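In what follows, a structure is listed as structure tokens, so that the remarks can point back to it.
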Ligand code: FES
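Residue numbers (this note's numbering): 44 to 229.
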């Protein structure tokens, strides 16, 4: 799995989060899982830097902290994307081509399941049955269920987000220009 680069200001956030969690949970070895949970709750995932800092402060070998962080499914090693794509690979969805849908997302986003795009726009996960097998193959995007998804629909879902993003960027640019204009007039 690809390790994510930190974004601006994230290093400081990580140190603040780890410091606060260690203060409330303590630094004894028995606190390791609660500490990892607490840090993930604050940051949304467990960055490598956080695990290194935890190992240092708890005086544990890094390999032990990384071992626990990677052993349990509850821990995320990549940041959640702005858009979370969950492809159902339960039995019904698998039979109806869920793996083809997963591959379509992997190809379009250039990431593998469990990863996040470098711009943190999308994270891609496989999930077990989400309880609407009659709609297979199912994808849950930002908690919205997409039914009977085809590879063409994958393109459609991503295109919608791309258009939204471009519109938002254009809006932000308009606002910035307006503020500059107002600044010149004042
Ligand atoms: S197997 Fe996908 S919704 Fe049940």
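Don't be surprised by glycine CBs; every beta carbon is placed ideally from N, CA and C.
On a predicted model such as this, the values are computed, not experimentally measured, just so you know.
*Alpha carbon to alpha carbon, how far is residue 105 from residue 116? Give it in angstroms, no decimals.*
Straight-line measurement puts the Cα of residue 105 at about 19 Å from the Cα of residue 116.
_Classification of residue 28 by the beta-carbon crowding that lies within 10 angstroms, buried from 16 upward_ = Nothing can be reported for residue 28, as the shown portion of the chain is limited to 44 through 229.
*Can you find a heavy atom of ligand 1 that lies under 7 Å from the Cβ of residue 159?*
For ligand 1, no non-hydrogen atom lies closer than 7 Å to the CB of residue 159.
*Report yes if the C-beta of residue 190 is less than 7 Å from at least one heavy atom of ligand 1; otherwise report no.*
No, the Cβ of residue 190 stays beyond 7 Å of every heavy atom of ligand 1.
*Report buried or exposed for residue 114, applying the criterion of at least 16 other Cβ atoms within 10 angstroms of its Cβ.*
In summary, residue 114 is exposed, with fewer than 16 beta-carbon neighbours lying within 10 Å of its beta-carbon over all protein chains present.
*Starting from residue 153, follow the beta strand (DSSP E) in both directions and report where the run begins and ends.*
Note, residue 153: premise wrong, no beta strand (DSSP E); not H, not E.
*Shortest alpha-carbon distance to residue 185 belongs to which of 178, 166, 160, 162?*
The shortest Cα separation from residue 185 among 178, 166, 160, 162 belongs to 166.
*On the DSSP bridge assignment, give the partners of residue 163 in chain order.*
Its beta-bridge partners do not exist; DSSP assigns none.
*asked:* Pull the bridge partners of residue 127 from the DSSP assignment, please.
replied: Per DSSP, the beta bridge partners of residue 127 are 166.
_Beta carbon of residue 130 nearer than 8 Å to that of residue 169_ = Yes, the pair counts as a contact, with Cβ atoms nearer than the cut-off.
*Is residue 49 near residue 89, with beta carbons less than 8 Å apart?*
No.
*asked:* By the three-class DSSP mapping on this structure, what secondary structure does residue 64 have?
replied: When secondary structure is reduced to three states using DSSP, residue 64 falls in the helix class.
*asked:* I'd like to check one pair, residue 152 with residue 132: are the Cβ atoms closer than 8 Å?
replied: No, Cβ-Cβ distance for residue 132 and residue 152 is not below 8 Å.
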